[in-house]
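To keep things clear, I will list the structure first and then write my remarks on it.
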Amino acid sequence: MNLLFDFTVDKPAKTIYITREFDAPQSLVWDAFTKAELLDQWTAPAPFTARTKYMDFKEGGKRFYAMVSPDGLERWALQSYTSIDPITSFKLFNCFADKDENPQLPGSDWDYQFSETNGITKVVITVYNESFERMESLLEGFTQGFTLSLKNLEALLADLSKK
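So, in structure tokens, the structure goes:
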């Protein structure tokens, strides 16, 4: 099956557009993006792992998590949920943080849109960066890492769909 994957960077607009299709029902894909126990299984590109310290998925709620390297180095991030329309969309503000949850600004605004056609779920993600310099410095690693993470998600969804 040939599933859509598009990754476009608009540098003047400081925005990244990601569109990815998954062979899974929308409700399952939604869960994979909104439940800590599932996020931790796919969001870190190997050999890193993701570990959520806490997550409160509601408007005004937060997720505080770390990407952990094989040697135990933690890179923390803080996400604040700004808008949630169940099963179809949510928005968050994301920034790096220290282990004590102190944000390291600037950050980025993420907009996730979910739709399903004939059992194929399309996720459209728009990432707006407050700082061009921040986006530029993270872009190569982000592009590679996020692409690998979405492959992890595809495998996880295949496993979950069998259950």
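Position 5 of the sequence shown, counting from 1, maps to 1091 under the working numbering, and the rest follow consecutively. Using N, Cα and C, we set each Cβ at its ideal position, and we do this for glycine too.
{"Asked": "Quick one: which unbroken alpha helix (DSSP H) runs of 4-plus residues sit fully inside the stretch 1122-1148? Chain order, please.", "Found": "1122-1128"}
{"Asked": "Quick check on N1215: buried or exposed, where buried means 16 or more other Cβ atoms within 10 Å of its Cβ?", "Found": "buried"}
{"Asked": "Any idea if E1202 is buried or exposed, counting beta-carbon neighbours within 10 angstroms, 16 or more meaning buried?", "Found": "buried"}
{"Asked": "If you compare alpha carbons, which of F1182, V1095, A1110 and S1169 is closest to D1150?", "Found": "A small correction: the amino acid at residue 1150 is Phe; Asp does not occupy that position in the sequence shown. Nearest option by C-alpha distance: F1182."}
{"Asked": "Suppose the cutoff is 6 Å on Cβ atoms and the five residues either side in sequence are ignored; what does the same chain contact list for P1133 look like?", "Found": "P1156"}
{"Asked": "Going by Cα to Cα distance, which pick from W1116, E1222, I1170 and W1162 is closest to N1188?", "Found": "W1162"}
{"Asked": "Here's the rule I'm using: 16 or more other beta-carbon atoms within 10 Å means buried, otherwise exposed. How should Q1165 be labelled?", "Found": "buried"}
{"Asked": "May I have the straight-line CA-CA distance separating T1194 from E1107, to the nearest angstrom?", "Found": "The sequence as given places Ser at residue 1194; Thr does not occur at that position. Going from the Cα of S1194 to the Cα of E1107 covers about 23 Å."}
{"Asked": "How would you label L1236, buried or exposed, when you count the other beta carbons within 10 angstroms and need 16 or more for buried?", "Found": "buried"}
{"Asked": "Give the secondary structure of T1120 by DSSP, where H, G and I count as helix, E and B as strand, and everything else as coil.", "Found": "helix"}
{"Asked": "So what does M1153 bridge to, in DSSP terms?", "Found": "A1136 and R1161"}
{"Asked": "If contacts are defined as beta-carbon pairs under 8 Å, then W1116 and F1200 qualify, I think. What distance do you get, rounded to the angstrom?", "Found": "6 Å"}
{"Asked": "Can you tell me whether DSSP reads G1205 as helix, strand or coil?", "Found": "coil"}
{"Asked": "Do M1141 and A1122 come within 8 Å of each other at the CB atom, strictly closer than that value?", "Found": "yes"}
{"Asked": "Note down the Cα distance separating L1124 from A1099, rounded to an integer number of angstroms.", "Found": "32 Å"}
{"Asked": "With DSSP collapsed to three states, give me the class of N1088.", "Found": "coil"}
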